[in-house]
Structure formats: C-alpha cells, structure tokens
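Novice:
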Amino acid sequence: MNNLNIDAIVAICALMLVWYLVRAHLRMTQKNSQTDSILMEDYLKKITLVTGFSVYDTFCKSAEGWRVSADKIELDFRIYLSSQSIPFYVKDFIRKSQKHIDELYVAKGNYFTDKRLLLFYSFLTLLFWGGAVLLCLYVFPHILPDDLGNIHLAGPP
Numbered sequence: 049m050n051n052l053n054i055d056a057i058v059a060i061c062a063l064m065l066v067w068y069l070v071r072a073h074l075r076m077t078q079k080n081s082q083t084d085s086i087l088m089e090d091y092l093k094k095i096t097l098v099t100g101f102s103v104y105d106t107f108c109k110s111a112e113g114w115r116v117s118a119d120k121i122e123l124d125f126r127i128y129l130s131s132q133s134i135p136f137y138v139k140d141f142i143r144k145s146q147k148h149i150d151e152l153y154v155a156k157g158n159y160f161t162d163k164r165l166l167l168f169y170s171f172l173t174l175l176f177w178g179g180a181v182l183l184c185l186y187v188f189p190h191i192l193p194d195d196l197g198n199i200h201l202a203g204p205p
C-alpha cells in the first residue's frame, strides 16, 4: 500500500516537473524568437519609458539618419496620431535599435519582478508538494481504518 502511494506520488511529481520544464522552455523560446511580429507601438512605448523622451522626440531622433525635413516629420507625426501609421524612418530606427531597447527596458526592473514571482511560485509549489507528501505518508494511514486501506485489493463478487 505504501509502495503504491509513494510510486503514485513520485509519478505525479515527475509529470508536474516535466510539465513545468516544458512550459519554461516554451516561454523562453517565445521571448527569444525573431519570428514574432515586432509591434512598433510597443517599442515606441518602451523608448518613452526608458529614455523619458516623447514620441515626437523619437520621431525627430529617428529622422536624423534620413534626409527628412521638419515639415515632413510634423506631417508624419500628425498622421501617426490620427491613424497610428508609423513612417519608414521610425520603423528603421526601431528595427536597428531593438536589441538596445530591450536591454534597457529589462534593466529597468521588469526582469527582476518576473524573477521574484518565479521564486514565490517555486516556494508555493514546494509547500503544496510537501503538504501532499505529508498527508499521503503520515496522516492518511493513521486516519483511515485498515478496512478502507485494503479496499483496492477486493475483487468483483
């Protein structure tokens, strides 16, 4: 009886561990994959959060590498505000500085929160598993009468 309980607990724990590792692997590959579509507006938001510059300042900074007049920047920014259409020079600026934006954004504290949350859930999982093992090995055998403990050995009449 105890061997069956222990084997069942070990099998469930192994299954949960494999499931957790697969989920962690899938999350890591999704974060690092280059095939995901780049949402330019998210990167514009990240730039404003990291640098403290406005979106208009980002438009002006991205136009420095291209020969774009100030009037064209004003017109493109008005179009961006009305239809969320991002001009080519801003897309190029974001594409070229995507790696640096991500590094600066992660350094701002977003990764630290995820690490703390992961640590919390790890301890919570260990607490639940430890409680389950304690219940199965020590509490249930003393509570259940011997007749109920051997019920799985009974066959059909």
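Add 48 to a position in the sequence shown, counting from 1, and you land on the number used in the working numbering. Glycine is no exception: its CB is placed at the ideal position from the N, C-alpha and C atoms. Being a predicted model, the structure only gives us computed values, none of them experimental.
#1: Can you tell me whether residue 99 is buried or exposed, with buried defined as 16 or more other CB within 10 angstroms of its CB?
#2: Using the three-state DSSP reduction, which class does residue 116 fall into: helix, strand or coil?
#3: Can you say whether residue 84 is buried or exposed, counting buried as having 16 or more other CB atoms within 10 angstroms of its CB?
#4: How about residue 142 and residue 91: do their beta carbons lie closer than 8 Å?
#5: Using 8 Å for Cβ pairs, my map puts residue 153 next to residue 94. What's the rounded Cβ distance?
#6: Pick helix, strand or coil for residue 107, following the three-state DSSP scheme.
#7: Classify residue 53 as helix, strand or coil using the three-state DSSP reduction.
#8: How would you write the range of the alpha helix (DSSP H) that residue 146 sits in, first residue to last?
Specialist: Per the coordinate set shown:
#1: Residue numbering aside, residue 99 sits at position 51 when the sequence shown is read from its first letter. Residue 99 is exposed by the Cβ-count criterion.
#2: Position 68 of the sequence shown, counting from 1, holds the residue named residue 116. It is coil, neither helix nor strand.
#3: By one-based count along the sequence shown, residue 84 stands at place 36. Here the model assigns residue 84 a pLDDT of 36, short of 50, so the residue's position is not dependable, and the following value carries that caveat. So residue 84 counts as exposed.
#4: The residue labelled residue 142 in the question sits at position 94 within the sequence shown. The residue labelled residue 91 in the question sits at position 43 within the sequence shown. Yes, the pair counts as a contact, with Cβ atoms nearer than the cut-off.
#5: In the sequence shown, counting from the first residue as 1, residue 153 sits at position 105. In the sequence shown, counting from the first residue as 1, residue 94 sits at position 46. About 5 Å; that satisfies the 8 Å criterion.
#6: Stepping through the sequence shown from its first residue, residue 107 is reached at position 59. Here DSSP, grouped into helix, strand and coil, assigns residue 107 to helix.
#7: As a working note, residue 53 is residue 5 in the sequence shown. DSSP places residue 53 in helix when its eight states are reduced to three.
#8: Reading the sequence shown from its first residue, position 98 is the one you call residue 146. Element bounds for residue 146: 146–153.
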